[in-house]
Every structure is written in structure tokens, then in C-alpha cells.
Amino acid sequence: MTMQRGSNVKGIGTAAAAGLAVVLLIVGIAAGYFAGAATVAPVTTTQTQTVTSTKTVGAEATITQTVTQTVTQPVTQTVTQTATSTVTRTVTATATAAAGLPDKVRIGVLLPLSGELGAIGQRMLYGAHIAAKIVNDSGGIGGRPVQIVAEDTAAVPDKALDAVKKLIEVQGVQVIVGPATSVEVATIAKYLNDRKVPAISMSATAAALSNLAKQYGDTYFWRVVGSDSIQARAIADIMKQKDFKRIVTFVVSNDYGIGMEQMILAQPGIKERHVLAIRYDPTKGDYRTELEQVKAANPDVIFYALWVESGKIVFRQALDLGLEKIPTMGGEGMADEAFFEDPRAADYMVKTGLFGTRPTYDPNTYSYQIFYKMHQQLYGAEPSLFADYTYDATMVAILAVAHAGVYEGAKIKNALALTGQYYIGATGMKALDPATGDLLSQDYLIWRVELKDGKPVYNFNYGSWSLGAGVVWK
Amino acid sequence: MSLNIAQILFNSLLTGSLYVLAAIGLTLTYGILKFPNVAHAEFITFGAYFAYTVADIWKLGFPSGAAAAFVVTGILGVATHLFLFGPLIKKGASILHLTVASIGYGIVLRYAMQEVWGRKDLYFSAYYPGFDVGPLRVTLLWLSFIFLAVAVVAIFHLLLTETKIGRAMRATSNNPSLAQASGIDTKMIIMLVWFLGSALAGLGGVMKASDTRITPVLGWNVLIMSFASVIFGGVGSIYGTILAGYILGFVENLGVIVLVALGLSTEYRFLLGFFVLVCALIFAPQGIAGITFRSIRKRWRAVG
Numbered sequence: 119m120t121m122q123r124g125s126n127v128k129g130i131g132t133a134a135a136a137g138l139a140v141v142l143l144i145v146g147i148a149a150g151y152f153a154g155a156a157t158v159a160p161v162t163t164t165q166t167q168t169v170t171s172t173k174t175v176g177a178e179a180t181i182t183q184t185v186t187q188t189v190t191q192p193v194t195q196t197v198t199q200t201a202t203s204t205v206t207r208t209v210t211a212t213a214t215a216a217a218g219l220p221d222k223v224r225i226g227v228l229l230p231l232s233g234e235l236g237a238i239g240q241r242m243l244y245g246a247h248i249a250a251k252i253v254n255d256s257g258g259i260g261g262r263p264v265q266i267v268a269e270d271t272a273a274v275p276d277k278a279l280d281a282v283k284k285l286i287e288v289q290g291v292q293v294i295v296g297p298a299t300s301v302e303v304a305t306i307a308k309y310l311n312d313r314k315v316p317a318i319s320m321s322a323t324a325a326a327l328s329n330l331a332k333q334y335g336d337t338y339f340w341r342v343v344g345s346d347s348i349q350a351r352a353i354a355d356i357m358k359q360k361d362f363k364r365i366v367t368f369v370v371s372n373d374y375g376i377g378m379e380q381m382i383l384a385q386p387g388i389k390e391r392h393v394l395a396i397r398y399d400p401t402k403g404d405y406r407t408e409l410e411q412v413k414a415a416n417p418d419v420i421f422y423a424l425w426v427e428s429g430k431i432v433f434r435q436a437l438d439l440g441l442e443k444i445p446t447m448g449g450e451g452m453a454d455e456a457f458f459e460d461p462r463a464a465d466y467m468v469k470t471g472l473f474g475t476r477p478t479y480d481p482n483t484y485s486y487q488i489f490y491k492m493h494q495q496l497y498g499a500e501p502s503l504f505a506d507y508t509y510d511a512t513m514v515a516i517l518a519v520a521h522a523g524v525y526e527g528a529k530i531k532n533a534l535a536l537t538g539q540y541y542i543g544a545t546g547m548k549a550l551d552p553a554t555g556d557l558l559s560q561d562y563l564i565w566r567v568e569l570k571d572g573k574p575v576y577n578f579n580y581g582s583w584s585l586g587a588g589v590v591w592k
Numbered sequence: 013m014s015l016n017i018a019q020i021l022f023n024s025l026l027t028g029s030l031y032v033l034a035a036i037g038l039t040l041t042y043g044i045l046k047f048p049n050v051a052h053a054e055f056i057t058f059g060a061y062f063a064y065t066v067a068d069i070w071k072l073g074f075p076s077g078a079a080a081a082f083v084v085t086g087i088l089g090v091a092t093h094l095f096l097f098g099p100l101i102k103k104g105a106s107i108l109h110l111t112v113a114s115i116g117y118g119i120v121l122r123y124a125m126q127e128v129w130g131r132k133d134l135y136f137s138a139y140y141p142g143f144d145v146g147p148l149r150v151t152l153l154w155l156s157f158i159f160l161a162v163a164v165v166a167i168f169h170l171l172l173t174e175t176k177i178g179r180a181m182r183a184t185s186n187n188p189s190l191a192q193a194s195g196i197d198t199k200m201i202i203m204l205v206w207f208l209g210s211a212l213a214g215l216g217g218v219m220k221a222s223d224t225r226i227t228p229v230l231g232w233n234v235l236i237m238s239f240a241s242v243i244f245g246g247v248g249s250i251y252g253t254i255l256a257g258y259i260l261g262f263v264e265n266l267g268v269i270v271l272v273a274l275g276l277s278t279e280y281r282f283l284l285g286f287f288v289l290v291c292a293l294i295f296a297p298q299g300i301a302g303i304t305f306r307s308i309r310k311r312w313r314a315v316g
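Protein sequence lines correspond, in order, to chains R and W.
So the first sequence is numbered by my numbering: it starts at 119 and just counts up by one.
So the second sequence is numbered by my numbering: it starts at 13 and just counts up by one.
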């Protein structure tokens, strides 16, 4: 063995001579490049921020809001915002600050522009364009215009990986908005870390995504929407407030359903009240035996996390089996009118008074009005689902580039945590945790399925939950 | 927690009835033509869609929808034989050719159906509210499924044992050339088998769909367990298939309880069904139809 090893080393040694020369040459060139690049970045960091807001409501409503902000290193940015029935916004940035930026600042966007979620993805993209337009109308980032480069993922993980590679390798993008779904994020996370390009999702809520930073060693995945773990806390609070003592969870057997079940069980005081967990197969199409077990467990509430198609069958069979006397709850995914397509499923939802949570924010803010008016102006329509969060994700990406002062993924990533300190988004405070990339707080509304004029509807004004105030019923 | 055993047995009967209806057609065509017709899955789906058209689009009611689906799917089966498999067999196609042709034909049918009825899930509007019978929660729909399946089994039994056509069918299945030599119109028999097999598949589709929903992949989800029933029951054996269908239905429902008790996803229920299937085949490779006391002892020795 030793003999062999010795001869191997000798063999490599001969070949390595030429190889080493090449490697040294490459290292030399790289070192030279980075030394050159390093001289660009200034060292000092100062940040000042003033926010003044006055509001007078009378015969002539006058509202004035001034946001003054100065960021030195590497951007000096002044944002003045005045509103008197019209909104004016000025962004000025000193040219010197943008020295490290390319002529056009490219923001990559990953969205499902085709496939099952294609229609919604197309309208989410409006949000990104609105953010770019608002910034470009005010002169871009230090005079450099922002350009949106969108790639279609069809909400399919494989395609998302292809699309992100295209963005980074072909288009040279250094910051990405998206992808929309949690499975796509899980698929591309390692690649993002390897290439050191941060992505900011507008709608991926799976709790497991909070672990990506730990798993890959650095935070290259961020999100401007609350993790399901905050929602689980809201749901657990509601369960305790309603004093449910025999809880059954009935979830679809995938990341979404099982994640939801585990997050809720992880909340203090829930495990003791939990009597049965059902994880069902969405392709089975017959859930009588599962529901029979629910009945036998004699619960005082059933918590559902279902997929719509199979969920309709679960509800219909639950009604057939006479489970309509047991109250029901659900998470965000259960607030979907597609459930009403099956009249028997809708009947069950109304009879059991299905209620649950959904992320929300106050639309009566300036930030939202800026987004809303621009959306009306450009697209002549009400913003559709998640267009608002896409707008915020894009704004956060743009602000991070401005703050970093260089178009370089790793530096933009470091700036992301800071944007939350001065950016109030259309969808509320966007304070991000640099350790996990998560949004630190999220408010939820409580909805309930009710009958209105003989038709099932979602009442989104049933109650609310927030970290500070807890459960509030309306 | 006390489980309602009666209800679980009842559910198993429901699941089993569906497998039986779908599998009888499969085993019938296999018995005579000696190839597995993969397009059988599409006959199941077709039955459901056609019944929907009659019942909910033409608004003729659910029972006439089911009856029409039975007849029209049967005719589709006959047409399939006349224009596809018949000519292929005449040209000397092997089992492999026929199987691959049936896969291709199935895909054509599935996409054609998707084009006609769309991708969106459809639902029968007929609604049968549940009521309690002793410890059981039943609906008229579920009761009629079980009644239908039992009726089909009884009719088949009478047909095969008591009628001339039945005997001719069995003869054709056992030895086609000898049957033809003894004056049996095997062509007629083959058409009849296609008609009955496909018609039952269509009816099975209506059953499954009225209980759940109609999708282009409805038949596919049933086909796998139908194939299992056919193999488990002993390929070509109708009685074996019937028994196997109900056994697999029971194992599946029992499996759900075991899986939930273990804290596992019910997605694994197929695993339990196939586990039983594999175990059974080790001891009785001919399926249930081939089980005799002697064969079990022989196998036991071979394995042990």
C-alpha cells in the first residue's frame, strides 16, 4: 500500500508542474481583478433617517408626509414624499455613489408566466414593473435605470432551476425576485448559495424555508411574506382562545400539509389538545375511512389543510358521513372560492362555519396608495393576488442594490437586512431577519364561510390576529 | 377512541365493488384475447364523462346517465375491437404489439376526452343525502353501488353457468380454435365480451365519479388496483377477480387505519394492498382461482 501511494505521488508530481503554473496564473489574474474592484468601495457608513408625518382631516383634507433619508456608502439617497391629494415622489441620488453600478441595473424575476399558475403569474409581474417604473421615473438608482428581466418557471421546480441558471449565467443577474412557490425555492436554494445571488420571494410561505440559510451556510433566500410558522402561531392562539380541547388535524400529505400540521403542533399548549393526525393522499379520491376515524376520535374541531381538488371530495364525504356538527378551521389555502364549485362541499363549509387565517395588511397607507394608483394608471385594473407582494419584493431588491452600491450578489445580500429599516412596503413593514431571510412580523385576518343571499361567501372581516394584539373578533 | 367497525366494512364493500366492476371487464378481455388492454382505464373515464353529458348537460337525470354510459361505453368497446384490435389480430400482431397499441389508443382517447370535456373537474349534480341505518351511515348512492355490483356478479354467474352463451364464452376463452370447430360463433362471442367488459368499465367510472369527481385521469387511478385484482384473482378467472376485488378493497381501508395509527401518510395504502398481493402470489402464483389446499402446502415447502 505504501509503495503504491509513493509511486502515485511521484506521477502526480510530474504532471502537476505544468498544472500549477496555470493555476497560479489564474489566481494572479483573479487577485488583480479583485484588488482593482476593492478600491472602488468606500469605507465609511453613515445613515440618517427622518420621518415626519402630519395628518389633518377637515373640510379640506391636507396630508403631508416627509421622508428624508441620507445613506452614505455607497449611495446618498434623498427621498422626499409629499402628498396633498396627489402623490409626488422624488428620489435623488448622487452620481458618485453609483460608481460601482452597471449602466442598467437588472432585476431578475422568476414567476410562473405559463402553466397552471400562468394567469396569476402574469399579473404578479405587474408589481415588478410598477416598482421599476416608480424608481426609473425618479431617475433610477443614482442615474442608472432599473430593468426587469423576467423568466418563466411555470411553477415547476425543474423549470425554475433552468430559469434561474439562465438569469444568472446568461443575463448576468445579481439579484432575483421570486420564485413564487415554496417547492421552487427549495429546488434552487443551493444553486443561489453556490452562485452567491440572493432571491426574494413574494409568496413562498413554507416554514421549512427558514432553515435554508442554516443548511447552506448563508442567507441567499429572503421573503417579504410571512412564514407559515407565524400563521401557525396565529392558528394556535385562536384554538386556545376558543378553548378547543380535542383537535384533529386533517392535512394533505405533502410539504404544505405536513408542514402546517407540524408547525401547529409545535406551538405551546397544542400537543396536549391534539387527538388525531390524518395525512391523506390527494390522488386517492375516497376518504370515508379517514373521516370515519375522525368521527371516532370525537373532536371538538377539525383543522384542515387541503388541496382544492381533493379537498372538495373530503368535504363532500364529510357531509355524507354526517360530520357537519363538528366545527372546522383552516389556514390561508382554505380561503379559496374554488372550493364552492362543488355545492355539497360548500354546504359542508357553511354548516360547519369553516374559519381560518390569511395574511393581511392595512391598505390605508401611503405606501399602498402609491402602488395602487400606479397599478390603476398602468393596467387599469385592481391589483390581483400577490401583485402587491411582488411590488414589495422588487422594491426591496432595488433598495438593496442602491444600498450596496455595487452590482454584486454577496454585497446586495448583506444590504437586504438593512432595507427593512427604512422601507415601509405596500404590504406593511418589511423588516427582514438576516439569519433566516424571514419577514419578522405578519398580520393575519380571520375569515369565515357564511351564507349571503343563499350563496356561500368568505367573510374576510370575521376577526384579526397580530403579534402584538393577538386574536381580535369583530 | 372506538372505531366503527361496521362502517369500515361497509366502506370496504364500496371500494371493493368499484374494483370488481372495473376488473371484470379487464379479466374478460384478457381471458379471450390474451393481452392486457391498457385502454380499459379510458373506458372507465369515458363512462363517467358520457353519463355526465346525459345526466347534467342534457338534464335527463342520473339513472338514465348511468344506463346510457353502460350502453355507449359497451359500443365503444365493440368499435375498438372492430376497427383496431380485430384488424391487428388478423394481421398476426403479438401480445406485445397489442399491448403497446392499447397504450397508444388509451392516450389518444384520454386527450380526445380532455378536448371534448375540458381539463376542469366535473361533478354530478345528483345529491343523495346520508342517513343512519343502525351503526351505519349510508347514502342511497352507496347502497345502489353495492347493489349494482352484487347484481352484476349474480348475473354473470347465471350467464356463465346457466346459458348457452355463457358456456360458449368459457369455451372460447379456454380454447378458441376448438370452440370454433365445435360450431361456436367465436366472432360474436368476442364482440359480446368486448361489449360487456367495456360497459362494466363505463359503469364503474360512473360509480367512482358520482362519489368523487370526473377528471381525465379518473380511470388511471382505478386501473392499477383493477390490474392487481385481476392478477390476484387469477388472470382470466371471473370468480377469483370478484373475490380479489373485495379483498383488496378491505385491505386498502384497513391499511388507512393502520397507517394513521402509525402516524404515516395514507399515500402508502397501495403499498399494503400490493404487499398482500405479493404475499398471496408467493403461495398461489395462479391467483385465488388456483388456490387448493395441496398447492398451498407445496408452495409452503418450496418457500420454507
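Note that CB positions come from ideal geometry on N, CA and C, so glycine has one too.
Please read these numbers as outputs of a predicted model, since none were measured by experiment.
Residue-level contact to chain W via CB, residue i, 9 Å cutoff
i: E390 of chain R; result: no
i: T180 of chain R; result: Unreliable positioning characterises T180 of chain R in this predicted model, as indicated by a pLDDT of 35, which lies under 50. A coordinate reading is not provided.
i: K360 of chain R; result: no
i: Q333 of chain R; result: no
i: L394 of chain R; result: yes
i: T367 of chain R; result: no
i: K413 of chain R; result: yes
i: K443 of chain R; result: no
Close beta carbons around residue i, own chain, < 8 Å, minus the five adjacent residues each side
i: L439 of chain R; result: R406, L409, E410 and K413
i: V419 of chain R; result: M357, K360, F362, R364, I365, V366, I444, P445, T446 and M447
i: S371 of chain R; result: R397, Y398, D399 and P400
Inter-residue Cα distance where the pair is residue i and residue j
i: A250 of chain R; j: E302 of chain R; result: 24 Å
i: Y580 of chain R; j: Y562 of chain R; result: 11 Å
i: I196 of chain W; j: V242 of chain W; result: 26 Å
i: A78 of chain W; j: G403 of chain R; result: 20 Å
i: I158 of chain W; j: G231 of chain W; result: 19 Å
i: G245 of chain W; j: V164 of chain W; result: 17 Å
i: I87 of chain W; j: K132 of chain W; result: 26 Å
i: A80 of chain W; j: A273 of chain R; result: 40 Å
i: F95 of chain W; j: W154 of chain W; result: 37 Å
i: T478 of chain R; j: T545 of chain R; result: 8 Å
i: T198 of chain W; j: L152 of chain W; result: 40 Å
Exposure of residue i, with buried meaning 16 or more beta-carbon neighbours within 10 Å
i: A60 of chain W; result: buried
i: F55 of chain W; result: buried
i: E174 of chain W; result: exposed
i: N265 of chain W; result: buried
i: S114 of chain W; result: buried
Chain R contact for residue i (CB, 9 Å cutoff)
i: N186 of chain W; result: no
i: G28 of chain W; result: no
i: Y31 of chain W; result: no
i: E54 of chain W; result: no
i: Q19 of chain W; result: yes
i: I269 of chain W; result: yes
i: D68 of chain W; result: no
i: S210 of chain W; result: no
Contact list for residue i against chain W, beta-carbon separation under 7 Å
i: L439 of chain R; result: G142 and R149
i: R364 of chain R; result: What R364 of chain R touches in chain W: nothing, since even the nearest Cβ is about 10 Å away.
Cutoff 6 Å; reference residue i; Cβ partners in own chain excluding five residues on either side
i: H93 of chain W; result: W206
Closer than 8 Å: residue i CB and nearest the ligand SAM heavy atom
i: Y562 of chain R; result: Only the bare structure without any ligand can be found here, which leaves the ligand SAM out of the picture.
Within chain R, partners of residue i - CB distance below 7 Å
i: Y42 of chain W; result: Result: empty, since nearest Cβ-Cβ is about 25 Å, beyond 7 Å.
i: N233 of chain W; result: T401 and G403
i: Y61 of chain W; result: Correct list: empty, because the minimum Cβ distance to chain R is about 16 Å.
i: G275 of chain W; result: A395
Residues of its chain near residue i, where Cβ-Cβ distance is below 7 Å and the 5 sequence neighbours each way are ignored
i: A18 of chain W; result: P147 and L148
i: I201 of chain W; result: A180, M181 and T184
i: V268 of chain W; result: T278 and R281
Residue i: contacting residues in chain R (beta-carbon distance under 9 Å)
i: V218 of chain W; result: Under the 9 Å cutoff, chain R gives no residues; its nearest Cβ is about 14 Å from V218 of chain W.
Residues that residue i contacts on chain R, provided the C-beta gap is smaller than 8 Å
i: Y139 of chain W; result: P461 and R462
Partners in chain W for residue i, counting only beta-carbon separations shorter than 9 Å
i: S232 of chain R; result: Those within 9 Å of S232 of chain R in chain W number zero; the least Cβ separation is about 15 Å.
Within chain W, the residues that residue i reaches when beta carbons sit closer than 8 Å
i: T470 of chain R; result: Correct list: empty, because the minimum Cβ distance to chain W is about 15 Å.
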